[in-house]
Every structure is written in structure tokens, then in C-alpha cells.
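Take the sequence shown: its position 323, counting from 1, is numbered 324 in the working numbering, and each next residue is one higher.
Even for Gly, the Cβ is constructed at its ideal location relative to N, Cα and C.
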Amino acid sequence: MIISPPFLPSPIAGESDEAFIDRAMVGGTLGRFPLSYDLNWHGGMHLKAPEEGGVALKVRAIADGEIAYFRTPTAESGDATHPLNYRGKWTDDGCIVIKHETEIGEGDNAKVTYFSIYMHLSKITLTSPSVGQKIYRKDALGEAGKIYGEGALIHFEIIADQSQIAKLIGRSNRELNHQSSNGRTDSCWGDMYFFVPPEVLAYSTPPVNRALAENSSAVVYRSPSMPTEVQIQEGPSTTNTSPPTVGGYEWAVAAQLQSGIFVQISYDKGDCTLTSYYLSGNIIGSIKEEQVSGIKYEYNLYETAAKFYPKSPSAGYELLRFGRVLSTDPLTPANAAHWRKIKLPGKSGLNETEAWVNLNGPTVTKFSDADFPQWRGWNLIEDDADTDSHCNSLFIRSILTLDERKTVSDNFDAVAIASSSSYEAYSAEEQEKLSDRFSKEKALYQARLDSIEMQSKLKKLICKFPTEWRSDDFDTRYGWLKKVGDRAPLTPEKYESLKSHSAALSFWGAANLPSIESRHWHFNPREFIYQFRKCGWISREELKTVLEQAPAAGRQRAEGLRVQMNKMMSKYLINSTKLRTAHFFSQVGIETGWWQYREEIGNERYFRTMYEVITSTEAGEDYDRAVELQRNLPSGRRPIELPNPGPHPKPTIERPDYVATRPAQVLQKASGMDNGAANSSSGGQIGDGARFHGRGFLQITGRRNYKSYEKYRGLNFTNDPNPSLLSSDDYNACDASGFYWVREKLSRLADQGESAETSRRVGSTINRGNANGIPNHNPERQSAFTNFWKKLNDKS
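Dropping the structure here:
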């Protein structure tokens with residue numbers, strides 16, 4: 002999924018994605034999600050358009066999609082009776098609804114549909130908009146308008162039908178069932194999470210052999226056992242009937258530890274941070290993995306996997322990356338441990354401590370951001386079954402602590418009573434007092450909703466309730482306003498005025514949106530966008546858009562490899578940033594002739610004389626052919642007879658020198674590859690030049706590299722006919738590219754930025770074996786990067 006905010010301020014160097022989203026999506030104070038101050042459902046957020054150069058930014062499409070509905074804004078009127086001039090303040094009614102169909106993983110259950118709603122536009126800037134019209138991410142839709150007289154505002158929503166909720170977040174229940182099974186495998190992205198149940202022990206050090214589950218070091222943490230009965234303190238009276246500590250931990254901490262500990266592993270531009278949580282979501286502490294020789298932990302992940310899991314480095318790499326093996330590569334031993342140092346709560350009076358835990362223990366379960374875990378705040382809320390606009394969710398009321406210390410015996414509020422059948426039994430005086438109660442309750446609601454603590458608990462709720470944009474059910478949703486209100490119910494005139502205003506803004510009936518009911522799921526737009534920006538999986542249509550400038554045949558070939566390429570890019574954290582993705586696509590596209598070549602092109606003679614052995618006679622033949630065809634020599638030099646134009650002319654050589662030096666050069670290259678009979682002590686055999694020619698999309702060449710990849714995968718790629726599997730099998734061809742990418746630490750280079758110099762260094766490492774040269778087709782590589790980066794970045 003490729004997604005961005007509805008406003009795109011200019012990027013700031015070094016800014017985190019969370020900071021960028023907060024800067025792009027300013028607002029949500031008076032128009033918060035999911036509740037207004039009177040505890041009515043509110044399906045979106047009111048966002049203020051950021052300004053640059055004194056001009057408000059345009060409203061833009063958050064993702065590719067198609068127009069499902071649009072309404073041209075009504076010209077502002079000074080008529081006080083105009084329904085959009087509610088209470089004498091104008092509200093713009095321009096509206097666009099976009100239907101988005103994309104993918105967040107592999108298979109039908111990861112194909113998702115959602116809608117984005119852009120309301121209160123003062124102007125639509127699309128040219129001749131029409132329903133069904135294709136819209137691309139970052140397209141300018143219009144200008145933010147007025148909401149009750151305040152300008153440069155929009156109401157922005159993201160909604161989904163019941164049929165999509167399990168696809169989007171992996172479940173249809175309020176909470177993730179974290180105790181009995183692992184999370185999704187069809188969609189696995191973002192940060193990884195581990196449920197560490199109470200019986201799991203933590204140790205002072207890891208075992209020497211990190212793959213072993215047995216640990217003989219000191220146990221420094223075990224979950225405290227809560228007493229079955231609370232012992233009441235004898236002696237002087239006390240108001241505290243709980244023991245001060247349990248196993249050395251404060252009572253409240255010990256109680257939380259009965260639900261286990263939740264560990265998050267987050268990779269971010271080389272860093273790896275582990276954060277421990279209670280089930281409540283409260284943080285215990287964080288720890289950052291140490292650098293190795295000045296290189297950040299993620300950039301060394303390949304070496305770490307090879308060191309800790311020497312019998313199965315590829316599967317070990319997945320264990321370190323995902324916490325589990327998602328591919329079919331064998332893990333040896335099958336129950337190999339995953340030791341990590343994590344933060345643990347300190348005992349009473351002490352700070353948090355650190356200890357080593359096996360995150361691949363038999364009772365540890367694993368998840369990712371694709372599972373929307375409740376300890377990170379994600380809960381599905383559908384316990385408000387009525388059809389009015391007021392929130393009667395007991396779960397939300399408990400979060401807001403609205404029913405603590407109530408002075409009345411009922412479990413309702415004033416609105417709930419007014420909407421119930423019991424209202425008619427109230428006397429006129431009791432009905433009148435109900436509005437006084439409403440006013441007091443509204444003050445309480447406002448105080449709770451203004452609390453930063455409460456907002457943090459509400460912001461990730463995914464709530465199901467009726468749309469506010471339907472006009473034919475207004476009385477059902479708001480009829481209670483005629484019975485109860487702030488100080489008094491609405492008079493018939495004021496009620497009809499509000500009803501007319503609502504009807505003027507409504508669009509649900511006219512839109513007739515496909516595949517979604519009027520009672521549907523609402524996401525906090527800011528949190529939805531921030532969460533799914535972690536999902537680097539690229540859908541079929543998104544790939545077409547990203548590769549728009551590539552040759553048509555190249556786009557078609559890339560589509561055939563898309564699933565395996567997505568898996569590889571996720572495994573090796575290439576798709577963890579759009580910058581890495583742009584660098585990868587540009588380099589692989591040029592290197593492989595836009596995915597045309599899975600292997601190096603040549604015949605037996607070419608491969609032998611390039612990678613194994615060449616005679617002086619053959620070297621002379623190569624020189625003469627290069628002159629005849631006016632091209633460079635296989636060594637990269639240029640015959641002295643040929644012109645040598647361009648800003649970076651090739652080194653030249655004369656024929657006698659080439660004939661004299663080329664055989665030794667090839668033998669030296671063969672030695673570095675363990676190729677041919679001359680290197681029999683390293684396993685070299687006659688025919689290795691052809692046997693181990695370049696294969697995969699970032700081509701692996703030579704016996705030594707094939708053996709390295711064979712050891713890495715734990716599979717046979719060196720015995721005939723297995724070398725060909727690196728090109729004939731889609732997964733192998735893609736994974737071999739990812740293997741080369743991480744072995745050469747190309748993400749470390751790609752993270753340095755979007756400059757032509759960075760593109761050159763990445764390309765030279767791939768094409769020349771070091772970052773200091775000039776790769777072949779360097780201008781084409783940089784042009785491809787520029788095109789891909791433009792499609793993937795957040796620049797408007």
C-alpha cells in the first residue's frame with residue numbers, strides 16, 4: 002500500500018515519518034475522532050490546511066483510486082436562511098469520495114477496499130471530474146473551505162465496510178487472540194511484536210551458541226506469583242489491605258505481569274530498538290541494539306544471521322527480521338532460539354532492568370503491525386448497537402471513566418434516557434431536569450476528551466457506527482435533541498434548522514457508494530495513514546504506476562515477479578522506506594534490462610574466457626572483434642585504435658599489451674571466484690565459468706558466491722543442474738538479489754539520500770563491486786531513480 006496525507010508540506014531533512022504526518026495533518030481539536038464534546042459519534046477529523054509562502058496547501062488524494070462521488074461546492078451566500086449558513090456561519094459543501102482498492106500482502110484476504118472522504122471543499126480543482134475517474138496519489142483535488150465560518154478546513158474520513166475489516170486488520174473481534182497462535186502470515190509488515198507469557202524466564206546473559214534454547218546463566222527475572230488470598234495486615238488499622246509487594250514487585254506491577262510482557266522490535270534506517278510493554282500499552286522501557294564496528298545493527302543483520310545460525314543463515318535472518326520463518330527455508334535446529342536483551346520492570350524502589358529472553362520459545366507468540374495489536378491501542382468497537390448519533394459504547398465509557406462516582410443509580414446518561422422507552426414515564430419536571438443533567442454530563446465529557454491521556458487511548462479505536470452524511474435517518478439519529486439538550490431541548494424551529502443544515506451537507510443517498518453499508522467502520526485518519534505507511538507491499542496497480550516510465554515489456558515482466566519481489570523486499574527491509582525502494586527498482590531495472598535477464602547472456606566460450614581461463618590467441622581474437630564492432634574489451638578497457646569520447650573516457654590499451662596481460666587477469670579473477678581446475682583445492686572444476694555464470698536479478702557469479710548463497714539458504718545450488726535454479730525459480734532469482742543487497746550493505750548507502758551521488762554509489766557497488774567507481778549506464782540509472790522516487794515520495 003502506498004499512501005500519504007491529504008496535505009503535503011515540503012519535507013524536512015531528517016524528519017521522522019510520525020513528525021511529518023503530524024505536521025501534514027494539523028487539527029482534530031474541535032473536530033476530533035471519534036467523539037464530539039457531547040459524546041456524539043464523529044467519523045473523521047477536521048484538518049487545517051498547512052500554509053507555505055502564505056498560501057494554504059491544496060487537498061490531495063491520499064492514494065490511487067477512483068472517484069466514487071463528487072459534489073461541486075455551493076457558492077457562498079449572504080442569505081441568513083441558507084441551510085449552509087447555519088447560525089450565521091457559512092460551511093462549504095464541496096465533497097469528493099474516493100474508492101481505493103489495493104493490497105497489503107499476498108492472496109485474496111490481503112486485497113482490501115476502503116474509502117476516503119474529503120468534505121467542506123471550497124473549490125474542486127480536478128478537470129471535468131466524473132464518477133469512475135482514475136485518481137492517483139498526490140493528485141490535487143481541491144481547496145480546503147469553511148466550517149462554521151473558519152477557513153482552510155476540511156472534514157476528512159477513512160471508512161470501510163464490514164466485509165473489509167478482517168482483511169484490513171486481520172480480525173473481526175475487538176482484541177487480537179494473542180495467547181494461542183501467531184499473527185498473520187499473508188500480511189506481515191512494520192514492527193514485530195512478541196507475547197512473552199509469564200512462565201518465560203529471563204537470563205543474565207545469552208548462551209554462547211545463540212541458536213540453543215538452553216541457557217545456564219543466572220535467572221534474573223521470573224514473573225511473580227500472585228497470592229491466592231490477600232493477607233490482611235494485623236495490628237493498627239490500615240486502609241491498605243493489599244501486601245506492599247509481591248515477589249519484590251509493587252502490587253500493581255505484579256498484577257500487570259500476570260498478563261505477560263509484550264516486546265516490540267522496530268527497525269528504522271539501520272537502528273534496531275526493542276521496547277517492552279504491559280498489556281495495558283504502558284511502556285516498561287526501550288533498549289537499542291548495539292552497533293558493530295561503528296555500523297548500525299540492521300546493516301549487519303546478514304553477518305549476525307550467519308554468525309548465530311551458521312547452519313541456516315537465511316532462515317536465521319528471517320528469525321531476526323520477523324521473529325519467525327515465513328519462507329520454506331529450513332531452520333536448523335528447528336527450534337532455534339532467538340535471544341534478545343529486553344527491558345523488564347524493576348522491583349519496588351528500583352529502576353527497570355535488562356535481561357535476555359528467547360523470543361522463539363515454544364509459548365511465545367509473534368505478530369506484526371499488520372495484526373493491529375491491542376497493546377498498541379488498536380481495538381474494534383461495535384458495542385453501540387442502537388442507530389442514534391450518541392455514543393453508548395460501554396467500552397468507551399469505561400476508557401473515559403464516565404460512570405465512576407455517579408450520583409444516580411442508572412447506567413445511562415441523559416441522552417440514552419431520552420432515547421429510551423422509559424422517557425415517557427418521566428414527569429414534566431423530571432424531563433426538564435434531564436437537560437440540566439445533560440449540561441453537567443457535557444462538561445464532564447469535554448474535560449475527559451480534552452485530556453491528553455484520554456486522547457491517547459481513543460486515537461486508535463476502530464469504531465462501527467452510522468454515517469453522519471445520510472439525510473433520511475436524521476430523526477432516528479438526532480430526535481433526542483427535541484427531548485434533551487444543553488440547558489434545554491431544541492425548539493421545533495431550531496431542530497428543523499439543524500435538520501436542513503444536515504441535509505444540505507448529506508450525500509450518502511446521492512452517492513450510492515458501492516460495497517459499503519451506511520453503518521460501517523471508521524478509522525482515525527491520521528493513525529490509519531501512519532500505520533499503513535509501514536506497509537511496503539506494492540499492489541499490481543501501484544507497481545504499474547511506479548514503473549510508468551519503464552518499457553512496457555519491463556513492466557509486464559515485473560508484474561509476473563511482483564509477489565516474490567514483494568516478499569524479498571520485505572524480508573530484507575528494502576521496502577521499509579520508499580527511498581530504499583526507489584534505489585532498488587532503479588538499479589535492478591537497469592541491471593537486468595528491465596527484468597528481461599535473469600541470468601548473464603553468453604555462450605560457453607564467453608563464460609570460460611571471462612571467469613575461468615583464456616589463451617593468448619583467444620585474447621587476440623577478443624581484441625580484434627572489439628575493434629571491428631567498435632566496443633570496449635571484456636576487461637572494460639578500450640582498444641587504442643577506437644575513439645574514446647564522453648566525460649568519463651575508458652582506459653585504453655594496445656593489442657600486444659592486452660594479449661600479454663589478459664590471461665593472467667582472467668586467472669586472477671577465477672581465483673577470486675574459486676573457478677576452474679586451477680582452483681581445484683577450493684573445489685574448482687573445468688567448466689565453472691559457464692556453470693556459475695551470473696544469475697539472479699543482481700547477479701551472483703562464480704563458484705565462491707554460489708557456495709556462499711548455498712550455505713546461506715541451506716540448499717544445494719552448486720551440483721549440476723542446481724546452479725540454474727538461481728534463474729529458473731522466481732523466488733530464488735529475487736531472493737538472490739536481496740542476499741546480495743544486504744551482504745553488500747546497500748541499504749546503508751541508499752539511506753544516505755536521493756542525490757545523484759548516492760545513486761552512483763549504489764550503482765557502482767552493484768555494477769563494479771565497489772562504491773567508488775562509475776557504473777555502466779550511470780545516467781540511465783539516475784534517470785530511473787528520479788522517475789521512481791517522484792512516484793514514491795511525498796513531494797507534491
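Collapsed DSSP secondary structure at residue i in the structure displayed
i, result
"F195", "strand"
"W481", "helix"
"A415", "helix"
"S369", "strand"
"E235", "Unreliable placement is indicated for E235, whose pLDDT of 46 sits below 50; the coordinate value is still reported in the next sentence. Note: E235 maps to coil in three-state DSSP."
"W340", "strand"
"K746", "coil"
"F8", "coil"
"K90", "coil"
"K100", "strand"
"N110", "helix"
"N526", "Note that residue 526 is Pro in the sequence shown here, rather than Asn. Looking at P526 - three-state DSSP - the assignment turns out to be helix."
"Y268", "strand"
"R72", "strand"
"P640", "strand"
"S37", "coil"
"T653", "strand"
"R626", "helix"
"I155", "strand"
"K796", "coil"
Residue nearest to residue i in terms of C-alpha spacing, selected from the options
i, options, result
"Y310", "G248, Y300, R211", "R211"
"K568", "D795, W538, E755", "W538"
"V365", "S260, V763, R714, F789", "S260"
"Y149", "S205, A81, S131", "A81"
"P780", "V614, A757, L634", "A757"
"S217", "V358, S131, V264", "V358"
"P776", "Q783, G770, S765, S784", "S765"
"Y612", "A679, R599, L580, T546", "A679"
"W190", "S281, P130, N576", "N576"
"I400", "I453, L202, L275, V56", "I453"
First through last residue of the alpha helix (DSSP H) which encompasses residue i
i, result
"T206", "Taken as a continuous stretch (DSSP letters only), T206 belongs to no alpha helix (DSSP H), as it is neither H nor E."
"A426", "It is not in any alpha helix (DSSP H) - A426 carries neither H nor E in the DSSP assignment."
"E494", "493-506"
"T276", "That residue, T276, is in no alpha helix (DSSP H); its beta strand (DSSP E) goes 272-278."
"S516", "It is not in any alpha helix (DSSP H) - S516 carries neither H nor E in the DSSP assignment."
"G673", "656-674"
"G764", "757-769"
First through last residue of the beta strand (DSSP E) which encompasses residue i
i, result
"V220", "220-222"
"P467", "462-467"
"K49", "45-49"
"H177", "Here residue 177 turns out to be Leu, not His, going by the sequence shown. No beta strand (DSSP E) contains L177, which DSSP labels as neither H nor E."
"S287", "284-289"
"K147", "141-148"
"I382", "380-382"
Outcome for residue i when other beta-carbon atoms lying within 10 angstroms are tallied against a minimum of 16
i, result
"E518", "exposed"
"T239", "With a pLDDT of 48 at T239, under the threshold of 50, the predicted position of this residue should be treated as unreliable, and no value is reported."
"I3", "buried"
"G79", "exposed"
"E53", "exposed"
"A14", "exposed"
"H832", "This structure cannot settle anything about residue 832, because the visible part of the chain is limited to 2 through 797."
"Q588", "buried"
"G236", "Note that G236 has pLDDT 45, beneath the 50 cutoff, so the model's placement of it is unreliable and the number below is only indicative. Classification for G236: exposed."
"A356", "buried"
"E200", "exposed"
"R527", "buried"
"D658", "exposed"
"V132", "exposed"
"P314", "buried"
"Q234", "Because the pLDDT at Q234 is just 45, under 50, the model does not fix this residue reliably, and the point stays unresolved."
C-beta neighbour in chain C for residue i, strict 8 Å
i, result
"L793", "The question asks about chain C, but that chain is absent: this structure has only one protein chain."
- Task: Jot down the residue ranges of each uninterrupted alpha helix (DSSP H) in the stretch 566-604, minimum 4 residues, whole runs only, in chain order.
- Result: 579-592
- Query: Whole alpha helix (DSSP H) runs in the stretch 536-560 with 4 or more residues, listed along the chain?
  - Reply: 541-547
- Report the residue ranges of all alpha helix (DSSP H) runs contained in full by the stretch 687-713; include only those spanning at least 4 residues, in chain order. 689-692
- Query: What are the uninterrupted segments assigned as beta strand (DSSP E) that are 3 or more residues long and contained completely in the stretch 301-366, given in chain order?
  - Reply: 340-345, 354-359
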